[in-house]
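Structure first, then comments.
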C-alpha cells in the first residue's frame, strides 16, 4: 500500500465545500500503484440547508480531473442511499486505510458502513470481477486481469472472515493459504500492459470460473447476515436529518 502518496498536498485541495470524508482509492490503496498510476481521491460532502431545499439543487456528484489527480465526491444524501442499497464502492471507501480527511459525520458514516456489510456484497465483488474479465480481452490486458482477481479474492476473504482487506498482496497470501495459486496472475502482475492472448484467455476463464465456485461456497457458509438490518436505514435517515438541520 502506497502511503507515500499521503504526502502530496494536492489531494486535500478538494473540488467542493462541506467535505466530511475523503480517502485515496484504487491502485494506491490496493498496493498496486506504479509510477504511472493516477491518484484517485473519493469522498463525501454535505450541501448547506439552502442548497438542499432548492427546487433544483446542485449536482449530488462532483468530479474533477487533472493530469494525475482524479476527484469524485458524493453528496451525503446520495451516499447514504448508496450505502442502504449495499453499494460496495461506498462501503469500501468508508473502510479505506488511506483516509485523508475525516469528521464527526465521517465517523458516523463509517459506523453505518459496518452495519451495511452483508452476504449481498458477494454480488458486488463478483460483478466487478466479471466486468474486468471482459475488459482484459477488449482493452486493458494484464491490468484488467489483475483487478479481476483482486475483486473476487476480496469478496471471498470478506465472506469467510468478515474483513475488508485492501492490500492485494495480503489477499494473494490469503488465497494461497487456502490452496489457490495462479501462475497466470503472477504473469499479469509483471505484464500489466501486455495483451491477453487466446491461451491466457482460456486459462483465466478456467481459473475465474473456479473462483466463482469458491465465492458461491463462501457465501453459503458465511457468518455475515444475508441482508443489512432495518436499523441501517433508520440510522441513515437520522444522520441525514441531522446534517440538513444542524444550522437551524
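Numbering (my numbering), first residue to last: -18 to 229.
Backbone N, C-alpha and C fix where the C-beta goes; we use that ideal spot for every residue, glycine too.
Beta carbon of residue i nearer than 8 Å to that of residue j
| i | j | result |
| --- | --- | --- |
| residue 69 | residue 37 | no |
| residue 27 | residue 65 | no |
| residue 97 | residue 67 | yes |
| residue 110 | residue 189 | yes |
| residue 3 | residue 21 | no |
| residue 203 | residue 141 | yes |
| residue 123 | residue 172 | yes |
| residue 126 | residue 185 | yes |
| residue 181 | residue 165 | yes |
| residue 197 | residue 11 | no |
Where residue i falls: helix, strand or coil (DSSP)
| i | result |
| --- | --- |
| residue 168 | helix |
| residue 34 | coil |
| residue 153 | helix |
| residue 13 | coil |
| residue 80 | strand |
| residue 180 | helix |
| residue 222 | helix |
| residue 24 | strand |
| residue 72 | helix |
| residue 49 | coil |
| residue 29 | coil |
| residue 99 | coil |
| residue 145 | coil |
| residue 163 | coil |
| residue 18 | coil |
| residue 94 | helix |
Integer Cβ distance of residue i from residue j, believed to fall under 8 Å
| i | j | result |
| --- | --- | --- |
| residue 216 | residue 93 | 6 Å |
| residue 25 | residue 87 | 7 Å |
| residue 83 | residue 59 | Not a contact, Cβ separation roughly 19 Å. |
Reference residue i; option with closest CA among the options
| i | options | result |
| --- | --- | --- |
| residue 99 | 60, -1 and 201 | 201 |
| residue 192 | 19, 135 and 22 | 135 |
| residue 55 | 133, 48 and 75 | 75 |
| residue -5 | 112, 47 and 30 | 47 |
| residue -2 | 62, 89 and 32 | 32 |
| residue 138 | 212, 152, 30 and 219 | 152 |
| residue 50 | 23, 223 and 177 | 23 |
| residue 163 | 150, 91 and 34 | 150 |
| residue 13 | 169, 160 and 218 | 169 |
| residue 73 | 43, 45, 156 and 144 | 144 |
| residue 81 | 198, 205, 197 and 9 | 9 |
| residue 167 | 130, 155 and 211 | 130 |
| residue 214 | 61, 91, 113 and 29 | 61 |
| residue 17 | -14, 177 and 52 | -14 |
First through last residue of the alpha helix (DSSP H) which encompasses residue i
| i | result |
| --- | --- |
| residue 104 | 102 to 116 |
| residue 64 | 57 to 65 |
Where the beta strand (DSSP E) through residue i begins and ends
| i | result |
| --- | --- |
| residue 1 | 0 to 6 |
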